[in-house]
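For the sequence shown, the numbering used here begins at 40 and goes up steadily by one.
Using N, Cα and C, we set each Cβ at its ideal position, and we do this for glycine too.
Remember, it's a predicted structure, so these values are computed and weren't measured experimentally.
Here's the structure we're looking at; comments come further down.
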Amino acid sequence: MNQVATNVRWHHAAVGPEERAQRLGQRGVVVWLTGLSGAGKSTIAARVDARLHARGRHSYILDGDNLRFGLCRDLGFSPEDRAENVRRLGEAARLLQDAGLIVLVAAISPYREDRARVRERVPAGHFLEVFVDAPLAVCESRDPKGLYRRARAGEIAGFSGIDAPYEPPDAPDLHLLFHADATSPHAPVDSSLPHAEAAEAAEEVTGQGPATDGERRVAVGASPDEHAAAIVALLEARGLLVAPAGA
40 MNQVATNVRW HHAAVGPEER AQRLGQRGVV VWLTGLSGAG KSTIAARVDA
90 RLHARGRHSY ILDGDNLRFG LCRDLGFSPE DRAENVRRLG EAARLLQDAG
140 LIVLVAAISP YREDRARVRE RVPAGHFLEV FVDAPLAVCE SRDPKGLYRR
190 ARAGEIAGFS GIDAPYEPPD APDLHLLFHA DATSPHAPVD SSLPHAEAAE
240 AAEEVTGQGP ATDGERRVAV GASPDEHAAA IVALLEARGL LVAPAGA
């Protein structure tokens, strides 16, 4: 049985987050993309990363699948292992955020409680939860890794959305709604709109009513590029793509 270490203490560095933010010209932030397998999290994260790189910003992707080849290679898919997987992702993201990077985490992370714990570990205002909300039918039709087919056949147990739960965020910072008809006059919704206005437009397409917090936003789109643009717009709106005032 592992024993928790008690003879350790935190060592403070001479260079802090503010100094790093001033040097990099941006604020460190964790952008946490959650959603079903096949929703497009990794693809959207890659598009955001490319957009930020083109603008001279410093970002890095932590992909849930990729980390299972190394940092999380000893974990399975039980609820306990999923919780530990998210904890490790969160701790890695927090370290990169502290270094001043824009960290793009793409992971199913199916449980609200696990995601909430990560948020608590990141400085207030520097964790953005992004719900990549593609319907199960759309994710299953894409099935880029053949996982839904195997789950339906009983070859994979504990698959989120099939025989294991996925708990969508109650109040994400950004709600990316998938709408297949790119020619619809309602898609995409301008992500610079307050949530209430965007949600009103989204309601006509999805039947979803508005949330109560005006800081939350909704973006309806049919492509990863549209959703990536919405994430970058949110980062801009929160003042995270510039150095702190007085830099």
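- Linking Val87 to His218 through their CA atoms gives a straight-line distance of about 19 angstroms.
- Assigned with DSSP and collapsed to three states, Ile141 falls in strand.
- Annotation: Ile270 to Leu213 spans about 8 angstroms, alpha carbon to alpha carbon.
- One thing to note: Leu167 has its Cβ no nearer than 7 angstroms to the Cβ of Gly200.
- Nearest to Asp209 by C-alpha distance, out of Ala78, Val47 and Gly74, is Gly74.
- When secondary structure is reduced to three states using DSSP, Glu194 falls in the coil class, being assigned neither helix nor strand.
- Put simply, of Val47, Trp49 and Arg66 the residue whose alpha carbon is nearest the alpha carbon of Ala282 is Arg66.
- Collapsing the DSSP output to three states places Arg94 in coil.
- A contact between stretches requires three or more CB pairs, one per stretch, nearer than 8 angstroms, and the stretch 173–192 fails this requirement with the stretch 92–99.
- Around the CB of Asp113, fewer than 16 other CB atoms lie within 10 Å, so the residue is classed as exposed.
- For Pro118 and Leu63, the gap between their C-alpha atoms comes out near 38 angstroms.
- Membership of Glu168 in the beta strand (DSSP E) is indicated by the continuous run Phe166 to Asp172.
- Beta-bridge analysis with DSSP links Val177 to no other residue.
- Assigned with DSSP and collapsed to three states, Val68 falls in strand.
- If you check the CB distance, Ala131 and Leu91 do not come in under 7 angstroms.
- Going by C-alpha positions, Ile83 is about 42 angstroms away from Asn46.
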